[in-house]
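Numbering (the working numbering), first residue to last: 31 to 322. What follows is a set of notes on a single structure, which appears directly below.
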């Protein structure tokens, strides 16, 4: 297999979905909180999974109220022209902070992943949990999300993605692999429940779930990262305001204290946050035959 890229600092991202919220202001509040913690990016699902305005429109409202954090909406590809225009506009408004999250399994894999090479479009984030979509993710994605419950699972998927990326002529270091977890930090500073925290996340119908306190979550993230299982984590708060605040003020602060996560943004674009190169400066207009 291809040689493993160096571990470096962690990459952290969070979902800011707010079921039932129809105004942009609550999303602005959550995204500012994520930015205060130095997170690489936030994600927001589109209206096919969440009532209310579409994700790209919401994040276009969030963009002028933030300065550094990446903005990654999930946008269905039923209307490719609309998707291209919306993401290009978001990238322009945010000055290079936009990405796009797609579901390869639902949207046709290779056909929907893009014709543009990585580095020539806004950051592409995909869920690579399913075996059937991993080759497409390895070929096209900048960030691959994997829903797993153990370090061994995470390591195996990461090594497969790296190996297949190399087969396509890509540098494996140009693909970030993040573990996706639901997080319930309602336990405060109490020890994690059995099967959580130090014992690992627990499978649930919504995906792997960690339940415990921010200290234990910091230990889990640090240990998995230092074992070389992933480049970082994408975390979905069970209770958005409570859990994101505890994540930033507790977990992230501890990781920063240990020198595992940034204390400031070294650049202004999402590619810079992720340590990925871009072949040209600033947002670009995509080719007509490209999804992004």
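No residue lacks a Cβ here, since even glycine has one placed at the ideal position from N, Cα and C.
Spatial neighbours of residue i in its chain, beta-carbon cut-off 6 Å, leaving aside the 5 residues before and after
{"i": "residue 323", "result": "Only positions 31 to 322 of the chain appear in this structure, which leaves residue 323 out of reach."}
{"i": "residue 184", "result": "178, 209, 259 and 260"}
{"i": "residue 298", "result": "none"}
{"i": "residue 281", "result": "244, 247 and 248"}
{"i": "residue 102", "result": "71, 73, 129, 131 and 155"}
{"i": "residue 233", "result": "179"}
{"i": "residue 116", "result": "86"}
{"i": "residue 255", "result": "40"}
Residue(s) in a DSSP beta bridge with residue i
{"i": "residue 214", "result": "241"}
{"i": "residue 123", "result": "Paired residues: none, contrary to the question."}
{"i": "residue 151", "result": "Per DSSP, none; premise fails for residue 151."}
{"i": "residue 97", "result": "DSSP, once it has assigned bridges, lists no residue as partnering residue 97."}
{"i": "residue 262", "result": "41 and 208"}
{"i": "residue 128", "result": "101"}
{"i": "residue 232", "result": "239"}
{"i": "residue 157", "result": "175"}
{"i": "residue 267", "result": "213"}
Nonlocal neighbours in the same chain, by C-beta distance under 8 Å from residue i, ignoring five residues either side
{"i": "residue 216", "result": "241, 268, 269, 272 and 273"}
{"i": "residue 275", "result": "63"}
{"i": "residue 55", "result": "none"}
Inter-residue CB distance, residue i and residue j (contact presumed, cutoff 8 Å)
{"i": "residue 262", "j": "residue 42", "result": "5 Å"}
{"i": "residue 306", "j": "residue 204", "result": "6 Å"}
{"i": "residue 175", "j": "residue 155", "result": "7 Å"}
{"i": "residue 38", "j": "residue 292", "result": "The Cβ separation is near 10 Å, so there is no contact."}
{"i": "residue 304", "j": "residue 173", "result": "7 Å"}
{"i": "residue 207", "j": "residue 188", "result": "4 Å"}
{"i": "residue 290", "j": "residue 63", "result": "20 Å between Cβ atoms; not a contact."}
{"i": "residue 57", "j": "residue 92", "result": "5 Å"}
{"i": "residue 238", "j": "residue 277", "result": "Not quite, the Cβ-Cβ distance comes to about 16 Å (not below 8 Å), so this is no contact."}
{"i": "residue 153", "j": "residue 250", "result": "About 26 Å; that fails the 8 Å criterion."}
Outcome for residue i when other beta-carbon atoms lying within 10 angstroms are tallied against a minimum of 16
{"i": "residue 45", "result": "buried"}
{"i": "residue 226", "result": "Note that residue 226 has pLDDT 49, beneath the 50 cutoff, so the model's placement of it is unreliable and no number is given."}
{"i": "residue 111", "result": "exposed"}
{"i": "residue 287", "result": "exposed"}
{"i": "residue 65", "result": "buried"}
{"i": "residue 170", "result": "buried"}
{"i": "residue 236", "result": "exposed"}
{"i": "residue 264", "result": "buried"}
{"i": "residue 124", "result": "buried"}
{"i": "residue 157", "result": "buried"}
{"i": "residue 90", "result": "buried"}
{"i": "residue 97", "result": "exposed"}
{"i": "residue 94", "result": "exposed"}
{"i": "residue 49", "result": "exposed"}
{"i": "residue 109", "result": "exposed"}
{"i": "residue 47", "result": "buried"}
Same chain only: Cβ atoms within 7 Å of residue i, ignoring 5 sequence neighbours per side
{"i": "residue 253", "result": "none"}
{"i": "residue 85", "result": "74, 75, 76, 103, 104 and 105"}
{"i": "residue 167", "result": "134, 156, 158, 174 and 191"}
{"i": "residue 87", "result": "none"}
{"i": "residue 302", "result": "296"}
{"i": "residue 230", "result": "179 and 180"}
**Runs of alpha helix (DSSP H) lying entirely within the segment 49-81, each at least 4 residues, in chain order** = Here the runs fully enclosed are 55-66.
**Message:** For a minimum of 3 consecutive residues, which ranges assigned as the beta strand (DSSP E) are wholly contained in the segment 168-195?
**Reply:** Taking only runs of at least 3 residues, the beta strand (DSSP E) segments lying wholly in the segment 168-195 are 173-176.
**Request:** Output the residue ranges of the alpha helix (DSSP H) runs that lie fully inside the segment 285-310 and measure 4 residues or longer, sorted by chain position.
**Result:** Taking 4 residues as the minimum length, the alpha helix (DSSP H) runs contained wholly in the segment 285-310 are 300-304, in order along the chain.
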